[in-house]
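**Student:** Note that the sequence shown covers residues 0 to 290 in numbering that gives the first Met the number 0.
For glycine and all other residues, C-beta sits at the position ideal for the given N, C-alpha and C.
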Amino acid sequence: MIRARQYLPLVGLLKDNQLLLALGNHSYELTPAGRRYLTRELTLAEIATAPPTPEEWLQAHGWQLGERVNERVLAALYRKPEATFSPNEQIDFEDKGVRLCADQLLRLRAPQPFSLFFSGGTLLDAAPWLQALGELALPERTLAGLGKILWGEGNIERVITTDSVGTFAELALCDGSLLVWAPTTAQVALQQVVAALPPNVQWSHLTSLDPAGVDRTLALAQRLGRPASWWLPTAFSPIVSAYAQPLGDGRPWEPSRIPKPLLAVCSGLVESNGGLSAEVCALAPEWHAVG
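#1: Answer with buried or exposed for residue 100, where buried requires no fewer than 16 other C-beta atoms within 10 angstroms of its C-beta.
#2: Would you be able to state if there are at least three C-beta pairs under 8 Å between the stretch 107 to 114 and the stretch 65 to 80?
#3: Can you check DSSP and say which residues form a bridge with residue 60?
#4: Quick one, which of 83, 285, 129, 51 has its alpha-carbon nearest residue 233's?
#5: If we count Cβ pairs, one from each stretch, closer than 8 Å, do we get three or more for the stretch 196 to 216 versus the stretch 125 to 144?
#6: How is residue 154 classed by DSSP in three states: helix, strand or coil?
#7: Are the Cβ atoms of residue 261 and residue 230 separated by less than 8 Å?
#8: If we call anything under 8 Å between Cβ atoms a contact, is residue 193 one with residue 223?
#9: Considering Cα atoms alone, identify which of 22, 280, 146 is closest to residue 164.
#10: Among the candidates 176, 191, 182, 40, whose CA atom is the shortest distance from the CA of residue 112?
#11: Note down the Cα distance separating residue 19 from residue 28, rounded to an integer number of angstroms.
#12: Looking at the unbroken beta strand (DSSP E) that takes in residue 28, where does it start and where does it end?
#13: Looking at C-beta atoms only, is the number of pairs between the stretch 77 to 94 and the stretch 148 to 156 that lie closer than 8 Å three or more?
#14: Going by DSSP in three states, residue 236 sits in which element: helix, strand or coil?
#15: Go ahead and pull the three-state DSSP assignment for residue 264.
#16: Buried or exposed: which applies to residue 252, given that a residue is buried once 16 or more other Cβ atoms fall within 10 Å of its Cβ?
#17: Straight-line CA distance for residue 132 to residue 51?
#18: Can you tell which of 246, 181, 240 has its C-alpha closest to the C-alpha of residue 216?
#19: For a test of the three-state rule: what should DSSP assign to residue 17, helix, strand or coil?
#20: Work out the CA separation of residue 214 and residue 283 for me, nearest whole Å.
#21: Just to confirm the assignment, what range does the alpha helix (DSSP H) spanning residue 214 have?
#22: Taking its Cβ as the centre, do 16 or more other Cβ atoms sit within 10 Å of residue 207, making it buried, or is it exposed?
#23: Between residue 103 and residue 159, what straight-line distance do the alpha-carbon atoms span, to the nearest angstrom?
#24: Give the straight-line distance between the Cα atoms of residue 77 and residue 238, rounded to the nearest whole angstrom.
#25: Can the beta-carbon of residue 116 be found closer than 8 Å to that of residue 147?
#26: Could you tell me the alpha carbon to alpha carbon distance between residue 57 and residue 122, rounded to whole angstroms?
#27: Check this for me: beta carbons of residue 136 and residue 191, under 8 Å apart or not?
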């Protein structure tokens, strides 16, 4: 129902163009042509008032995306509520020459000094850092240029990776071993570190001993192209007896998914449907590889 005088010229115009049909008593109805016209005009108005796309805005303001961009910064610019991009979105960015980076840190410890050789000829001596701080932290986005890890004295025999901060800080290391901490979300960065080591260096992973931990180790082994190997205390059974915790509502063990060497060591844990954190093992004096 339209009564206001200021709308009468518009009503007359719509009627003259057969966009509006008078029903009497100040009531009107849009004709099919009127509906199409109104829909088109509303769509055009929405397009005209819509904010520019991120690409348009960045270009208009002279902003440039580098070869590597922090994924949270990119998510903010693209108005995403979380810093998560689908595989297709990541491929689209890579086609534009942009790689997403979480900018996480990897931490390295060793009982002997070592050096890092980067593309371009830069050689970083880790000895002062190890002596002063006990460890070396590597930003994730620098790892693309990491060429080789060079051992200062003797030979590097084993690299141990872990996702447990506490275990990284406390684990006793024997000569010829390198310990690397990386969050579970930084497998690509971890792969770059391991790839910089001589191919004959043995690899083992130290994580929680539960179904999820086994899956993480198997996935990491596949990514690294190495046989799956767990770094476990030699005296394992006493730790299990004292500190194993029931899995509760978590996913139960599936013995068929557990490699036989590991199953032989942790059969008691599997039978009791228990789990063991990496932290309760951290102070064990002697370790060995299982896998």
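**Tutor:** So, to answer that:
#1: So residue 100 ends up on the buried side.
#2: Here the stretch 65 to 80 does not lie against the stretch 107 to 114, with fewer than 3 beta-carbon pairs under 8 Å apart.
#3: Bridge partners of residue 60 according to DSSP: none are assigned.
#4: Nearest Cα to residue 233 within the set 83, 285, 129, 51: 285.
#5: Too few Cβ pairs lie closer than 8 Å, so no.
#6: Looking at residue 154 - three-state DSSP - the assignment turns out to be coil, as it is neither helix nor strand.
#7: The Cβ-Cβ distance between residue 261 and residue 230 does not fall below 8 Å.
#8: Taking a C-beta distance under 8 Å as the contact criterion, residue 193 and residue 223 qualify as a contact pair.
#9: The candidate whose alpha carbon is nearest that of residue 164 is 280.
#10: Comparing Cα-Cα distances from residue 112 to each of 176, 191, 182, 40, the minimum goes to 176.
#11: Approximately 6 Å between the Cα atoms of the pair.
#12: Counted as a single uninterrupted DSSP element, the beta strand (DSSP E) harbouring residue 28 occupies residues 26 to 29.
#13: Here the stretch 77 to 94 does not lie against the stretch 148 to 156, with fewer than 3 beta-carbon pairs under 8 Å apart.
#14: Three-state result, residue 236: helix.
#15: Of the three classes helix, strand and coil, the one that applies to residue 264 here is helix, per DSSP.
#16: Residue 252 is buried by the Cβ-count criterion.
#17: Whole-angstrom Cα-Cα distance: 48 Å.
#18: The shortest Cα separation from residue 216 among 246, 181, 240 belongs to 181.
#19: DSSP places residue 17 in coil when its eight states are reduced to three.
#20: In this model, residue 283 and residue 214 are separated by some 24 Å (Cα to Cα).
#21: Residue 214 -> alpha helix (DSSP H) spans 210 to 223.
#22: By the neighbour-count criterion, in which a residue is buried when 16 or more other Cβ atoms sit within 10 angstroms of its Cβ, residue 207 is buried.
#23: The alpha-carbon atoms of residue 103 and residue 159 are separated by roughly 19 Å.
#24: Approximately 49 Å between the Cα atoms of the pair.
#25: Closer than 8 Å, so yes.
#26: CA-CA distance, residue 57 to residue 122, rounds to 37 Å.
#27: Taking 8 Å as the Cβ cut-off, residue 136 and residue 191 do not qualify as a contacting pair.
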